[in-house]
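*Asks:*
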Amino acid sequence: KSTSADISNCHFEVIVDGCYEFLHDVTCSEKKPIKSIYRKTVIAQFWSYIKNLSNTDQILTQLHSFAHNP
-3 KSTSADISNC HFEVIVDGCY EFLHDVTCSE KKPIKSIYRK TVIAQFWSYI
47 KNLSNTDQIL TQLHSFAHNP
């Protein structure tokens, strides 16, 4: 049976595979402003997906804790 320490220490890794330009844009956009509306949109969508993934993880963690602590 899992202990509460096991449940609170969950680590995961997200691997992003893409061309150099995309990876550079999403990691360095604050250093050099991007002028292309299309590229700005793609970057915004990427960070939105990452945020949603994090929110989903938090919700699943809460649901899991409810099941173990009724």
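In this note's numbering, the protein residues as written are -3 to 66. All residues carry an ideal CB built from backbone N, CA and C; glycine is no exception.
1) How about Phe8 and Val22: do their beta carbons lie closer than 7 angstroms?
2) My assumption, with CB atoms under 8 angstroms, is that Leu19 sits in contact with Val12. Please give the rounded CB distance.
3) Between the C-alpha atoms of Arg35 and Pro29, what's the straight-line distance to the nearest angstrom?
4) Do you know whose CA, among Gly14, Cys15 and Ala40, lies nearest Glu26's CA?
*Replies:* Reading it off the structure:
1) In the sequence shown, the residue the question calls residue 8 occupies position 12. In the sequence shown, the residue the question calls residue 22 occupies position 26. No.
2) Residue mapping note: residue 19 aligns to position 23 of the sequence shown, counting from 1. Residue mapping note: residue 12 aligns to position 16 of the sequence shown, counting from 1. 7 angstroms between Cβ atoms; contact.
3) Within the sequence shown, numbered from 1, the residue matching residue 35 stands at position 39. Within the sequence shown, numbered from 1, the residue matching residue 29 stands at position 33. Computed Cα separation, rounded: 11 angstroms.
4) Translated into the one-based positions of the sequence shown, residue 26 becomes position 30. By alpha-carbon distance to Glu26, the top candidate from Gly14, Cys15 and Ala40 is Ala40.
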